[in-house]
Amino acid sequence: MTMPASERERIRQYLVEQAAGKGIEELIGRVEEGVQELRTAALAIPAERYGEHPPGDEWCPADCLGHVVEWNLRVARAVLHAALTGELPADGPVELPGDRDGMLAAHDEGIASLYEHVRAADPSAFLELRWEHPFFGPLNWREWFLFLRLHAKDHARQLAGMREALGA
47 MTMPASERER
57 IRQYLVEQAA
67 GKGIEELIGR
77 VEEGVQELRT
87 AALAIPAERY
97 GEHPPGDEWC
107 PADCLGHVVE
117 WNLRVARAVL
127 HAALTGELPA
137 DGPVELPGDR
147 DGMLAAHDEG
157 IASLYEHVRA
167 ADPSAFLELR
177 WEHPFFGPLN
187 WREWFLFLRL
197 HAKDHARQLA
207 GMREALGA
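The numbers in the numbering used here rise by one with no breaks, and the one at position 114 of the sequence shown is 160.
Here you go:
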């Protein structure tokens, strides 16, 4: 994915400013909005069409949903550890079911756990701990948490485009 430097900087500024300026419940509400948009887009594609590739697309809906769920759960794991301990966990893949409903259930469970842990964390603790995002540079746990909103919404739009391309 290519993104102009000006767009990367605009998004980075959004993440930094909003994460610093909003309370935890507001941030959770924003992330939840993106997660619900993702869920709606995922469910709009019939489960039996998840393996079909839209014309000209390298990914099928299962690839897209698998990507967003795996990475959201990896980010969630890092955020909850950083927010509660000031340390990052060992990184590693997330085992996911291969079907749409199983992936959504795993996502729901992981994100619910994240919300619970973020609510339990001191909202101003460990903000000096930053780790690299491939497009937006080093982010702290609050900024990474808000990033989940953007990631979910971005792939919700992608899934909606796939549904339209598939005529589903």
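We put the beta carbon where it would ideally sit given N, CA and C, even for glycine.
In this text the structure is predicted, and so the values were computed from the model without any measurement.
Inter-residue spacing [alpha-carbon to alpha-carbon] between residue i and residue j
| i | j | result |
| --- | --- | --- |
| threonine 86 | leucine 196 | 15 Å |
| valine 164 | valine 81 | 16 Å |
| phenylalanine 172 | glycine 97 | 42 Å |
| valine 62 | phenylalanine 182 | 10 Å |
Among the options, nearest to residue i - alpha-carbon criterion
| i | options | result |
| --- | --- | --- |
| valine 115 | Glu94, Lys199, Ser170 | Lys199 |
| alanine 65 | Met208, Leu212, Trp187, Arg56 | Trp187 |
| alanine 214 | Asp103, Ile91, Ile74 | Ile91 |
| leucine 160 | Pro180, Pro107, Ile70 | Ile70 |
| glycine 144 | Arg120, Ala108, Ser170, Ile57 | Ala108 |
| proline 169 | Pro135, Leu119, Leu73, Asp103 | Leu73 |
Run of the alpha helix (DSSP H) containing residue i, from where it starts to where it stops
| i | result |
| --- | --- |
| glutamate 78 | 70-89 |
| tyrosine 192 | According to the sequence provided, residue 192 is leucine. The question's tyrosine does not apply to it. 187-212 is the extent of the alpha helix (DSSP H) around leucine 192. |
Own chain partners of residue i with C-beta closer than 7 Å, once the 5 adjacent residues on each side are dropped
| i | result |
| --- | --- |
| alanine 88 | Leu111, Arg146, Leu150, Leu205 |
Same chain, Cβ closer than 6 Å to residue i, five either side skipped, listed in chain order
| i | result |
| --- | --- |
| proline 184 | Arg176, Glu178 |
| alanine 202 | Glu83, Leu84, Ala87 |
| leucine 119 | Val140, Gly156 |
Sequence-distant residues of the same chain with beta carbon closer than 8 Å to residue i, five excluded per side
| i | result |
| --- | --- |
| histidine 113 | Trp105, His201 |
CB contact below 8 Å: residue i versus chain C
| i | result |
| --- | --- |
| glycine 138 | Absent from the structure is chain C; it holds one protein chain and no more. |
Boundaries (first-last residue) of the beta strand (DSSP E) holding residue i
| i | result |
| --- | --- |
| proline 135 | Where proline 135 is concerned, there is no enclosing beta strand (DSSP E), given that its DSSP letter is neither H nor E. |
Are the stretch 51-71 and the stretch 132-142 touching, with three or more C-beta to C-beta distances below 8 Å?
-> Contact between the stretch 51-71 and the stretch 132-142 is absent, with fewer than three C-beta pairs closer than 8 Å.
The stretch 114-132 contacting the stretch 154-174, beta-carbon criterion three pairs below 8 Å = Taking one beta carbon from each stretch, the stretch 114-132 and the stretch 154-174 have 3 or more pairs nearer than 8 Å; the two touch.
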